[in-house]
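J.: Residue numbers (my numbering), protein chains in the order written: chain A, 717 to 1059; chain B, 12 to 295; chain C, 277 to 575. All residues carry an ideal CB built from backbone N, CA and C; glycine is no exception. Keep in mind that this is a model prediction, so the values were computed, not measured.
What follows is the structure in structure tokens.
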């Protein structure tokens, strides 16, 4: 796509992608380890549980799961795009600045503390993981800023250091934990899409949608930012504010995604690259389309994870790694000239 | 003629080297072409960054169109000043048209979708710099000269009263050097823009510019240029023929030059130890 | 001005989305666990829970189990609904259960929550000690209307435990090292079930309290601990004799150890032998006989 973008063409493309996403979501909701007949679903829920299991499975189990996968995939892909733009590094992914180890630490702290939660309420692991992620990102930002005014290298280094340190703490905690606690934590860390309640789903959907829309508003300035900080300033863009806003929003939606589903890898790294290859680097287009494609990708991956070894299931992170890894290598090989990270 | 840029007693220094610019004062009149020259480290780029608002003077003030530079929001300032820097390659694969359209950012809304005026400004700029032919090519596939023209196109599309350039021709061949300077001169004469360009090529500077600001990189207080004798001044400003003389050049750059004349204008050829001297000067 | 609009937009989005979805799928209010109605179809998500169900005579009512429920043999033939660590909610629903019994760790708890939200009857049980197991048996009895048999089972188990204790009361405690992993060498610490079993079987953990549940042991500590018997966790039940031989060879490296000198090395699979279920006493008995071979009496 080499035309300069217009509002109309962008609108058309986004609509088209949304339609594709809806189709993927519907198809995947119909697939699973149990056969579900659509006709029975439409007769509505039975008066007591167990009467219309097709309805229960489709609407109670599969639909929330598919919606969650779409949300998490969208959040991770969107966040990946933003971080790659801010850090001016095509190898950045949403976890690069400490979110992964922060969330992991929160999760293992929740498991170890044995926090009792209202049995029918939300899970403490999600809350702890979210808080852990946010605090860590904030810490990394502070360190990065303190060692020189928003210099990208310092931010990256701070992220690497914090990641390493927290990973060591996680290792220590794992070594003193009970085996079932260890197992729980490891499973959580691998990245899983599970069935969440409507309230949790609703709140997260609102947050992720709001964050994505906010980032869309910043996407034009991300274009300018990618020219370099001095250039951006000379074009009238408030680089500091743009970086803070974009970074905060990206970290926020990633923290929410991680608290819902653990650390699902590769989506935030590979999807932006793939979409950039097809649609070009204009972030006004790249961001929304990456979000949509990321959602579709994760929905498909999760469906595969559910089906491939039924009735057991694989963690969705396994599928994304197996699919994403080779894809990334192919990307790299074929377009190594295009993906240059000269500064 | 009014001054569009007024620099009053500006001082600036980097920590810990100490001050680079000390109490510099000069004016740039509307629609003139000023060249900033001087040895490396004299503070040329620093001065440019001060003029475009990237750096804050540690003493003194800078006025743009009779208002303090600090009083402008970044957006308003970008509507007044366009900057062309030396080299950059965008990390992402933007095309020429996209990069030039980014120049319209100071006039656009949040989403940066351009209107008719913006598109016209962009196409005019592409025409003027003769870059319309590869408008759809990614920036990475351009040669150095083509890239430089695109940067100039971007600055032109930004449609500002002032253009600041940092060595716009440092990596270019003769033909492109002349082309760029012709472009700038045309912009000055036909569109009334004020051009301030840092340049290493004193001959080109002398040919095209109305005034030269020569930064010597020395510390002592300012003085107006005298005649011939050693002046421990930190900068000089004036017409090319007043500023550039063999003695001055020797003093500031530490290089012997051969002076020739083309019509009324002087030109200078540097003479190093192994230079082929013809006419003046004895080899050491 | 732009910034304000964005803030407003985000808040509206958040509120709107949450509100909308809440309206469409109202959270079902959970009612207290209903008293025992007729329960005909039971799903169990853990092997020990399956064993308890069968021991209470509910074997026929069990319609689906977790994939590692292997005892009694009839259980192995039931439908499988996923693994212990990852139960398959869809398969559980497809079995149309009246009652689903689960464990309480994160993965199973979230399945329980989902099922409850859909209106199914769920009984999550936390079985992490013998005491908890006895309570769990009672709870299952209550939920399935088999309180009498549950009470009897509890009594039975308690009696056998007491019996075992009285037999061992007068004897010296044997110093035991329970090895869970050989490379690197890791043993069960004081804070584990295995420790509880050791003590119930008339032994004493050879190592003192440690911060880790399963601390790695250096050779120095190994030689200093003075273990009179070594129990090694088996890896799977398939080839115990070969594992026993391999273990003896492995420990032969330290002939100075009392346990090695007296050939008191035993390979036991704690998952099946010492499952927190009705067969626990048999398992404990086995371990006790390993530690005190001259114990008289048999069950």
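1) My output table needs one value for residue 844(A): the three-state DSSP class, helix, strand or coil.
2) Just checking: is the beta-carbon of residue 454(C) within a distance shorter than 8 Å of some beta-carbon in chain A?
3) Could you tell me whether any Cβ in chain A is nearer than 8 Å to the Cβ of residue 34(B)?
4) Between which two residues does the alpha helix (DSSP H) carrying residue 516(C) extend?
5) Which residues in the same chain as residue 485(C) place their Cβ atom closer than 6 Å to its Cβ, once the five residues preceding and following it in sequence are excluded?
6) So residue 63(B) contacts chain A; which residues on that side make the cut at Cβ distance below 8 Å?
7) When the Cα atoms are used, what is the spatial distance from residue 251(B) to residue 138(B)?
8) Out of curiosity, what's the CA-to-CA distance linking residue 396(C) and residue 1005(A)?
9) Between the Cα of residue 271(B) and those of 229(B), 214(B), 198(B), 34(B), spot the shortest distance and give me the residue it belongs to.
10) For chain A, is any of its Cβ atoms less than 8 Å away from the one on residue 372(C)?
11) Using a cut-off of 7 Å between C-beta atoms, extract the partners of residue 540(C) located in chain A.
12) If I measure Cβ to Cβ from residue 219(B) and keep anything under 8 Å in the same chain, skipping five residues before and after, which residues do I get?
13) At a Cβ threshold of 8 Å, is residue 66(B) touching chain A?
14) Once you ignore the five residues that flank residue 567(C) on each side, which residues in its own chain have a CB closer than 7 Å to its CB?
15) Just the chain C side, please: which residues come within less than 7 Å of residue 1001(A) by C-beta, in chain order?
16) For residue 1040(A), which residues of its own chain have a beta-carbon under 6 Å away from its beta-carbon, when the five flanking residues on both sides are left out?
17) Strictly under 8 Å for the Cβ-Cβ distance: is residue 991(A) near chain B by that measure?
18) For the pair the region 938-951 of chain A and the region 108-128 of chain B, tell me if three or more CB-CB distances fall below 8 Å.
19) Quick one: residues in its chain with C-beta nearer than 8 Å to the C-beta of residue 734(A), no 5 flanking neighbours on either side, listed in chain order?
20) By the DSSP assignment, the alpha helix (DSSP H) with residue 904(A) in it spans what residues?
21) Take every Cβ of the region 927-937 of chain A, pair it with every Cβ of the region 807-814 of chain A, and state whether three or more of those distances are shorter than 8 Å.
22) If you draw a straight line from the C-alpha of residue 756(A) to the C-alpha of residue 746(A), how long is it?
23) Would you give the residue range spanned by the alpha helix (DSSP H) that residue 396(C) belongs to?
24) State buried or exposed for residue 204(B), treating a residue as buried only when at least 16 other CB atoms are found within 10 Å of its CB.
25) Mind pulling the chain A residues with CB within less than 9 Å of residue 123(B)?
26) Please check the pair residue 416(C) and residue 329(C), which I expect to be a contact at CB under 8 Å, by giving their CB distance rounded to whole angstroms.
27) Cβ closer than 9 Å: which chain A residues qualify as neighbours of residue 96(B)?
28) Curious, which full-length alpha helix (DSSP H) runs of at least 4 residues does the region 342-429 of chain C contain?
29) Roughly how many whole angstroms lie between the Cα atoms of residue 799(A) and residue 966(A)?
30) Are three or more beta carbon pairs between the region 69-85 of chain B and the region 146-166 of chain B nearer than 8 Å?
31) Which partner residues does residue 281(B) have in the DSSP bridge list?
32) Can you tell me the Cβ-Cβ gap for residue 934(A) and residue 958(A), rounded? I've got them flagged as a contact below 8 Å.
33) Output the distance between the C-alpha atoms of residue 142(B) and residue 189(B), rounded to the nearest integer angstrom.
34) Taking DSSP as the reference, what is the three-state secondary structure of residue 780(A)?
35) What three-state label does DSSP hand residue 979(A) in the structure shown?
36) Counting only beta-carbon atoms, is residue 1028(A) nearer than 8 Å to chain C?
T.: In short, the structure shows the following:
1) Three-state DSSP puts residue 844(A) in a helix.
2) When Cβ-Cβ separations below 8 Å define contact, residue 454(C) makes no contact with chain A.
3) Taking Cβ atoms only, chain A never reaches closer than 8 Å to residue 34(B), which makes this a no.
4) From DSSP, the alpha helix (DSSP H) with residue 516(C) extends over 516-527.
5) The residues are 466.
6) Residue 63(B) reaches chain A at 950, counting residues in chain order whose Cβ is nearer than 8 Å.
7) When rounded, the separation of the alpha-carbon atoms in residue 251(B) and residue 138(B) is 31 Å.
8) Residue 396(C) and residue 1005(A): Cα-Cα distance of roughly 40 Å.
9) Of the candidates 229(B), 214(B), 198(B), 34(B), the one whose C-alpha sits nearest the C-alpha of residue 271(B) is 214(B).
10) Residue 372(C) counts as touching chain A.
11) Neighbours of residue 540(C) in chain A, taken as residues whose beta carbon is under 7 Å from its own, are absent, since the nearest beta carbon is some 26 Å off.
12) Taken in chain order, the residues that qualify are 44, 46, 192, 195, 196.
13) Judged by the 8 Å Cβ criterion, residue 66(B) is not in contact with chain A.
14) The beta carbon of residue 567(C) sits closer than 7 Å to the beta carbons of 450, 452, 477, 478, 479, 505 from its chain, once the five residues preceding and following it are set aside; these are given in chain order.
15) Per Cβ cutoff of 7 Å: no residues; residue 1001(A) is ~19 Å from chain C at best.
16) Answer for residue 1040(A): 982, 986, listed in chain order.
17) Against chain B, the CB of residue 991(A) has no partner CB under 8 Å away; the residue lies outside that interface.
18) Verdict: yes, contact present.
19) Excluding residues within five positions, the ones whose Cβ falls inside 8 Å are 1008.
20) For residue 904(A), the uninterrupted alpha helix (DSSP H) run begins and ends at 895-906, by DSSP.
21) The region 927-937 of chain A vs the region 807-814 of chain A: no contact.
22) Between residue 756(A) and residue 746(A), the alpha-carbon positions lie close to 13 Å from each other.
23) Where residue 396(C) is concerned, there is no enclosing alpha helix (DSSP H), given that its DSSP letter is neither H nor E.
24) The C-beta of residue 204(B) has 16 or more other C-beta atoms within 10 Å across all chains shown, which makes the residue buried.
25) Chain-order list of chain A residues neighbouring residue 123(B): 721, 935, 936, 937, 939, 940, 1000, by C-beta distance under 9 Å.
26) Indeed, because the Cβ distance is near 7 Å, the residues count as touching under 8 Å.
27) Taking the beta carbon of residue 96(B) as reference, the chain A residues within 9 Å of it are 944, 946, 947, 950, listed in sequence order.
28) Runs found: 349-352, 365-370, 382-393, 406-420.
29) Each residue's Cα considered, the two are about 7 Å apart.
30) Verdict: no, contact absent.
31) Looking at the DSSP assignment, residue 281(B) forms a beta bridge with 268(B).
32) The C-beta distance from residue 934(A) to residue 958(A) rounds to 6 Å, short enough to fall under 8 Å.
33) The C-alpha of residue 142(B) lies about 16 Å from the C-alpha of residue 189(B).
34) In the structure shown, residue 780(A) adopts helical secondary structure according to DSSP, grouped into three states.
35) Coil, per DSSP.
36) It does; some Cβ of chain C falls within 8 Å.
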